Every structure is written in C-alpha cells, then in structure tokens.
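Quick note on the UniProt record's numbering: the sequence shown kicks off at 1 and runs consecutively.
Glycine is no exception: its CB is placed at the ideal position from the N, C-alpha and C atoms.
Just so it is clear, the structure is predicted and the values come from calculations on it, not from any experiment.
Comments concern the structure below.
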Amino acid sequence: QEHRDPRDHYTNQLSVFYRDRGALQALLEGTEAVTRERAFQILGMQDGLDQAVQEVARARGLKVE
Numbered sequence: 001q002e003h004r005d006p007r008d009h010y011t012n013q014l015s016v017f018y019r020d021r022g023a024l025q026a027l028l029e030g031t032e033a034v035t036r037e038r039a040f041q042i043l044g045m046q047d048g049l050d051q052a053v054q055e056v057a058r059a060r061g062l063k064v065e
C-alpha cells in the first residue's frame, strides 16, 4: 500500500528535468501537479522557472509563494 499524504510535499515528490521553459510550462499546465489538494515543492535554477510556475498557478486561481 502506498503512503500518500496530500499535505506532505516529500511523499508527493515528482522529479522533472528539462532544458526548455516551454516544456516545463506545458507539463505543469497538462497535469495535476499544481492543485489545491496537495502540497508541493518545486526546486530549480533555470531561468524562467518562477515565472512559469506563477503563470500556471494564476491560471488555476492559486497563489504560489
């Protein structure tokens, strides 16, 4: 049985490696990675990461810190 806690961003961790900002944005827009139902954490150093996450969150009516 899998352990899943929607409030725990460690047990809900997904890893994604990308080079293209558009690819990241398409991934976030096309999945349920960013939802109100579960905590998550995105780490990265690529240019445009924050902007891509903010745009997807805004489109879904979410606020990301």
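By how many angstroms is the C-alpha of residue j removed from the C-alpha of residue i?
i: R21; j: L43; result: 14 Å
i: G30; j: E65; result: 21 Å
i: R4; j: S15; result: 16 Å
i: V53; j: Y10; result: 19 Å
i: D47; j: F17; result: 13 Å
If you drop the 5 nearest sequence neighbours on each side, which residues of the same chain put their C-beta closer than 8 Å to that of residue i?
i: K63; result: A57
So, helix, strand or coil for residue i, using DSSP?
i: E55; result: helix
i: L43; result: coil
For the ligand SAH, any of its heavy atoms closer than 7 Å to the Cβ of residue i?
i: A52; result: Ligands in the displayed structure: none, and consequently the ligand SAH is not present.
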